[in-house]
Amino acid sequence: MKPMLVGCPFDNGIRMMQRFRRGVSGAADAPPAVLALLNEPCPRTMIDLAAYQFTVTSATVDDAASIRWQNEQTLAAHNVITREIRHLAEAGYLPMTIGGDHSITYPLYSGVAQAHLQSKLGLIYIDAHLDMRPLETHAGVSGLISSGNAFRRILEDKTISIAGQNMVAIGIHRSNSTIFGEMEQFAHEHGVTIVDNDQCSTMDIAAIAAKAVQIATAGMDGVYLSVDIDAVEATSAPGVSAPAQQGLTPPHWFTLIEQIAASTNVLGFDLVEVSSCSSAWTTLFDQKNPSSSHQNPDVLTPTAQFAAQTIRHFQHAVASRGL
Numbered sequence: 001m002k003p004m005l006v007g008c009p010f011d012n013g014i015r016m017m018q019r020f021r022r023g024v025s026g027a028a029d030a031p032p033a034v035l036a037l038l039n040e041p042c043p044r045t046m047i048d049l050a051a052y053q054f055t056v057t058s059a060t061v062d063d064a065a066s067i068r069w070q071n072e073q074t075l076a077a078h079n080v081i082t083r084e085i086r087h088l089a090e091a092g093y094l095p096m097t098i099g100g101d102h103s104i105t106y107p108l109y110s111g112v113a114q115a116h117l118q119s120k121l122g123l124i125y126i127d128a129h130l131d132m133r134p135l136e137t138h139a140g141v142s143g144l145i146s147s148g149n150a151f152r153r154i155l156e157d158k159t160i161s162i163a164g165q166n167m168v169a170i171g172i173h174r175s176n177s178t179i180f181g182e183m184e185q186f187a188h189e190h191g192v193t194i195v196d197n198d199q200c201s202t203m204d205i206a207a208i209a210a211k212a213v214q215i216a217t218a219g220m221d222g223v224y225l226s227v228d229i230d231a232v233e234a235t236s237a238p239g240v241s242a243p244a245q246q247g248l249t250p251p252h253w254f255t256l257i258e259q260i261a262a263s264t265n266v267l268g269f270d271l272v273e274v275s276s277c278s279s280a281w282t283t284l285f286d287q288k289n290p291s292s293s294h295q296n297p298d299v300l301t302p303t304a305q306f307a308a309q310t311i312r313h314f315q316h317a318v319a320s321r322g323l
C-alpha cells in the first residue's frame, strides 16, 4: 500500500462538546500546520470541510435549532470523510489522516472498512479518554455527535463488522466520574481491552504494544490505528483540548506507534486533537477560567512539530515491513 497524507480540518465534535461546558476548539487549525512540517516526498490531499464547520456563539449555545443544524452538518461532513477515505483506500493508498477532533475516527474507520470489504479490521487507539460516551442530548435535542463518542459509534454500527474483542484502548486516564464508570462498563460489556496510563508507566511498553497487536489482530486481516495526542504529557504536547499533565512520555508514545505499525498490517491511521486552542467553552458562557492551561497563543507550533515527528515514526515503521 502507498502512504497518503490526508488533512481533515474538522472539529465540530469539540464545538458540540462546548455546548455542554467542555472542550477547547482549534483542532481544525492543525492539518495545514502539521502538513507544512512534513517535507518528505509523499502524496497528500486536504479534504475540504469548510462548509460544514459550525461556529457556536453565546447566543446559540442552548438553541435547539442551532444544535440540530450543527449535528446535521457533522453527519454530512462525516459522510464526505467516509467517501473520500474509501476512494483513497480503494486506490491502494494507506490513508494517514491528520485531524481534526476525535469524532472523525468513526468516518475514517468506516471508509477504510468499506474499501476492504473482504477483510476484517481490528482497532487500536491511544488516547487519554475512552471516547465511548453515548450520543449526547442537549436542549431537548438527542442523538448528538461529539468528539467523545467515536468508538461507541463504531461498536454500535451494525454495518461495521468489528467485535469489541478486537479493540484495544491504550493510555486511558481513569476517573471516579459517573460517565467514566458508564463508559468503562460499556467497554467491558463489549470485550474491549483497556490499558490505562498507570499501566503504561509501570509495564514494559513494547510488551504492551505486542499484546495490543495480538488482541486486535486475532482472526483479523488488518488493523486501524488511531492516536489522540492528548495521551501525551502536556509538556511535549501542550496544544490539545484536554492536556494530560501525567500522560505518556515521548519515548513511550513513539515506541507504541512504531511497534504497532512495524508488526502488523495497518490499513488506516489517524492522528487527532492537535489544536491551536483558539476558543475555550468558557467564552460562550461569559466565564473566566484563571487555571486554564490554554493561555499560550503558540501552543499549536510545538504540538504540530511533535505531531509531525509522530507521522515520521509511523511512516518509517510501516516502511520497515518492506511492503
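Once you know that position 135 of the sequence shown is 135 in the working numbering, the rest is easy, because the numbers rise by one and skip nothing.
In this text, a Cβ means the ideal position worked out from N, Cα and C, and glycines have one as well.
Would residue i and residue j be called neighbours here (beta carbons separated by less than 7 Å)?
| i | j | result |
| --- | --- | --- |
| G26 | S278 | yes |
| D325 | A231 | It is not possible to answer for residue 325, since the shown part of the chain is limited to 1 through 323. |
| L130 | M183 | yes |
| G219 | S275 | no |
| G7 | M46 | yes |
| R15 | V56 | yes |
| S122 | V192 | The question names Ser, yet the displayed sequence has Gly at residue 122. No, Cβ-Cβ distance for G122 and V192 is not below 7 Å. |
| T137 | P107 | no |
| H5 | A308 | Reading off the sequence shown, one finds Leu at residue 5, where the question assumed His. Not a contact, by the Cβ cut-off of 7 Å. |
| A76 | Y125 | no |
| H190 | L135 | no |
Please name the residue, chosen from the options, that lies closest to residue i on a Cα-to-Cα basis.
| i | options | result |
| --- | --- | --- |
| A113 | S161, R22 and E233 | S161 |
| D63 | Y93, H102, G140 and T74 | G140 |
| W342 | W253, F10 and V24 | The structure shown does not extend to residue 342, since the chain is modelled only from 1 to 323, so the question has no answer here. |
| G92 | G268, E233 and A317 | G268 |
| P302 | V34, I311 and G111 | V34 |
| S66 | S103, L144 and P107 | L144 |
| S236 | A51, F54, E189 and A304 | A304 |
| F54 | P43, Q73 and N39 | Q73 |
| A412 | E233, Q18 and Q214 | Nothing can be reported for residue 412: it is not among the residues displayed for the chain, which extend from 1 to 323. |
| A206 | A261, D157, F186 and H188 | A261 |
Classify residue i as helix, strand or coil using the three-state DSSP reduction.
| i | result |
| --- | --- |
| M1 | coil |
| S293 | Reliability fails at S293, whose pLDDT of 44 lies under 50, so the model's placement of it is uncertain and the value that follows must be treated cautiously. S293: coil per DSSP, three-state reduction. |
| D228 | strand |
| F269 | strand |
| V213 | helix |
| E233 | strand |
| A206 | helix |
| L300 | helix |
| T178 | helix |
| T105 | helix |
| V61 | coil |
| E40 | coil |
| I257 | helix |
| A307 | helix |
| Q70 | helix |
| H313 | helix |
| G338 | A query on residue 338 cannot be resolved here, the shown segment of the chain reaching from 1 to 323 and no further. |
Is the shortest distance between the beta-carbon of residue i and the beta-carbons of chain D less than 7 Å?
| i | result |
| --- | --- |
| Q315 | Going by chain labels, chain D is absent from the structure shown, which holds only one protein chain. |
From the DSSP output, read off the bridge partner residues of residue i.
| i | result |
| --- | --- |
| S279 | S25 |
| H138 | V141 |
| V6 | T45 and T97 |
| I194 | A169 |
| Y125 | A169 and S226 |
| L248 | V232 |
Who are the near neighbours of residue i in its chain, counting only those whose CB is closer than 8 Å to its CB and skipping five residues on each side?
| i | result |
| --- | --- |
| T310 | V227, I229, W253, F254, I257 and L271 |
| M1 | G92, Y93, L94, L267 and L323 |
| I208 | I170, V195, Q199, C200 and L256 |
Quick check: is any heavy atom of the ligand PLP less than 6 Å from the C-beta of residue i?
| i | result |
| --- | --- |
| E182 | This structure lacks the ligand PLP; in fact it carries no ligand of any kind. |
Give every residue of the same chain whose Cβ lies closer than 6 Å to the Cβ of residue i, excluding the five residues on either side of it in the sequence, and list them in chain order.
| i | result |
| --- | --- |
| R174 | D196 |
| S119 | D221 and G222 |
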